[in-house]
Amino acid sequence: MKRAAALLAIVLGATAGRDARADDPPAASPAPPATAPAPAQQQPPSPKRPVPDYSGRGPEPTTAGDVALWVPRVVLSPLYLVSEYVIRWPLSVGIPAAERADLPRKVYDFFTFGPEHNAGFAPVGMFDFDFNPSVGIYAFWNDAGFKGDDWHVHVEAWPTDWVAGSLTNHIQIDDAQAVQFRVEGIRRPDRVFYGTGPDTRQSYQSRYGEDRFDGGAKYEWRFWRSSRIQTALGLRATSIYDGHFGDDPSLSKEAAAGAFALPPGFGGGYTAEYNRASFILDTRRPWPQAGSGFRAELQGEQGSDVRNSPSSGWIRYGASAGAYLDLNQRGRVLGLSVMALFADPLGDRPVPFTELAALGGDGPMRGYFARRMVDRSAAAAALHYVWPIGPWLGGTIEAGVGNAFDEHLQGFRAGRLRFSGDIGLSTLGLTDFPMELIFGMGSETFEQGGTIDSFRFTLSVNHGF
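Quick note, the working numbering runs 31 ahead of the 1-based positions in the sequence shown.
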């Protein structure tokens, strides 16, 4: 009964609620939405007013420098395109891919040993156009006996043609001082000789062979930024004879044809005790810091031929100076340098031609083969530019003038200078394991017409001979 009464009450209440809602007045209809205001018509932007000429001097005129700047831009544009799209762009793609594949660590672990990778080896070699190539191996063991005791072995050869090797022990005494002991030997038949003096011709190219053994010790003290003092002493034994390469004549055959006289020291040899010293003042901070600064160097070497003593010996000396400007503090360095070298006899015998002042190769005037210009003195000036391309890799370009002359630059004049230009790639900061690619060219003297008649192409990995 209680349940029935409750159910009836619910039904009656619901009915009453429906009736009450039915009697309510109808709800008002919703108001129509308000009409949105019309968007304001956008006005066109007012034109920019010209910049007032506050100084009253008018626009700056185009200068001769602005016009002249387009000349190097146009001339160097092929070099820029090569460095940017043939070298830099592939590196920007390849290096991240190699890092994702962990390739650098795998290669590093393959060529090095020990818990701290203090020992290892690497293949090396060199290709120098118009010379015998070489292949070899470079091995090292750092901190071998104690901290700072580093050993290096370097061997290169081209079977049946030439062989060279060196053993170096470098001991770092402290942050500023180091000593080095080194022995090296080389035998190769393809050295070039064109005669001595400023007027030698490219067509005089001849070949001589050289056997050389050199052993000595060096001390170095670094005292401020990149400045240092170096002293060295040692013994060098050399034999010089006719050489060969391709169709080039031997030195004695070319001399017999009247191209030049037989140079002093040819057909024999010498054994020289030498003492060397150099003072280098360099305001630049060590790489990779900004490269602006000034560098000056004084050097000298005294040699005594103990095989042909007592009247045989020589002294070689020289000086160089250079100024360098890092254009944007990011390794784009422009430099200008000048240098002079001299060689004088100490006694009655002339200086052997392999000990004379020389230009070309790894030294000044890199567009030529090594020792292309040889005589009692030499002078050169060069404008060079270095810029970064990738990690540890930089581009180099250099243009210079210079030549070799008689004693104390006798006969020097501007018309007897030669032009040398080169462009290349080289590793930056890797002094123990340098790699280099060079394409260069050289000219006759300006008095002879200044025609480009010499070309050089070199690819080397840790070249040291």
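Glycine residues also receive a C-beta, built at the ideal position from the N, C-alpha and C atoms.
Q.
Pairs of beta-carbons, one from the stretch 303-315 and one from the stretch 329-347, closer than 8 Å: are there three or more?
A. yes
Q: Within 10 angstroms of the Cβ of residue 439, are there 16 or more other Cβ atoms? Answer buried if so, exposed if not.
A: Within 10 angstroms of the beta-carbon of residue 439 lie fewer than 16 other beta-carbons, which makes it exposed.
**Q.** Where residue 238 falls, given that 16 or more other Cβ within 10 Å makes a residue buried
**A.** buried
Q) For residue 199, which residues does DSSP report across the bridge? A) Paired residue(s): 183 and 213.
Q: Specify the secondary structure class of residue 193 as computed by DSSP and reduced to three states.
A: strand
**Q.** Straight-line Cα distance separating residue 409 from residue 277
**A.** Between residue 277 and residue 409, the C-alpha separation is close to 30 Å.
Q.
I need the boundaries of the alpha helix (DSSP H) containing residue 257, first residue and last residue.
A. First-last for residue 257: undefined, no H or E at that position.
Q.
Using DSSP's beta-bridge definition, name the partner residues of residue 249.
A. Note: residue 249 sits in a beta bridge opposite 211 and 263.
Q: Check whether the Cβ of residue 418 lies closer than 8 Å to any heavy atom of the ligand SAM, and answer yes or no.
A: Ligands in the displayed structure: none, and consequently the ligand SAM is not present.
Q) Can you tell which of 121, 290, 211 and 327 has the C-alpha that lies nearest to the C-alpha of residue 251? A) 211
Q.
Could you check whether the stretch 401-417 touches the stretch 428-445, counting it as contact only if at least three pairs of C-beta atoms, one from each stretch, sit closer than 8 Å?
A. In short, these stretches touch, since the Cβ pair count reaches three.
Q. Can you tell me whether residue 224 is buried or exposed, with buried defined as 16 or more other CB within 10 angstroms of its CB?
A. buried
Q.
Check whether the stretch 245-264 and the stretch 286-302 are in contact - that is, three or more C-beta pairs closer than 8 Å.
A. no
(Q) Short of 6 Å in beta carbon distance, which residues of its chain neighbour residue 316, apart from the five on each side in sequence? Order them along the chain. (A) 256
Q) Across which residues does DSSP place residue 237 in a beta bridge pair? A) 224
Q) Taking the C-alpha atoms as reference points, what is the distance between residue 129 and residue 141? A) 15 Å
Q. Can you name the start and end residues of the alpha helix (DSSP H) that residue 172 belongs to?
A. No alpha helix (DSSP H) contains residue 172, which is instead part of the beta strand (DSSP E) from 165-172.
Q) What are the residues that DSSP puts in a beta bridge with residue 242? A) 218 and 270
Q. According to the Cβ coordinates, are residue 311 and residue 321 closer than 9 Å?
A. no
**Q.** Three-state secondary structure (DSSP) of residue 120
**A.** helix
Q) Can you give the Cα-Cα distance for residue 425 and residue 342, rounded to whole angstroms? A) 48 Å
Q) Quick one: what's got a C-beta closer than 6 Å to residue 253's C-beta in the same chain, skipping five residues either side? A) 207 and 259
Q: May I have the straight-line CA-CA distance separating residue 29 from residue 78, to the nearest angstrom?
A: With the chain running from 32 to 496 in the structure shown, residue 29 is simply not present.
Q: Reducing DSSP to helix, strand and coil, say where residue 140 ends up.
A: Residue 140: helix per DSSP, three-state reduction.
Q: Report the residue from 477, 196 and 385 whose alpha carbon sits nearest the alpha carbon of residue 443.
A: Closest option to residue 443, Cα to Cα, is 477.
Q: Flag this pair as yes or no: are the beta carbons of residue 202 and residue 181 separated by less than 9 Å?
A: yes
(Q) For residue 287 and residue 405, I'd like the C-alpha separation in whole angstroms. (A) One C-alpha to the other measures close to 19 Å.
Q | residue 485 - containing beta strand (DSSP E), residue span | A | 483-492
(Q) What would DSSP say about residue 131, mapped onto helix, strand or coil? (A) Helix.
Q) residue 265 and residue 245 look like a contact to me (Cβ under 8 Å); what is the Cβ gap, rounded to whole Å? A) 6 Å between Cβ atoms; contact.
(Q) Can you look up residue 438 in the DSSP assignment and give me helix, strand or coil? (A) Correct three-state label for residue 438: helix.
Q | Length of the line joining the Cα atoms of residue 219 and residue 240 | A | In a straight line, the C-alpha of residue 219 is about 6 Å away from that of residue 240.
Q) From what residue to what residue does the alpha helix (DSSP H) around residue 285 run? A) 282-287
Q. Where does residue 146 land, buried or exposed, given buried means 16+ other C-beta within 10 angstroms?
A. exposed
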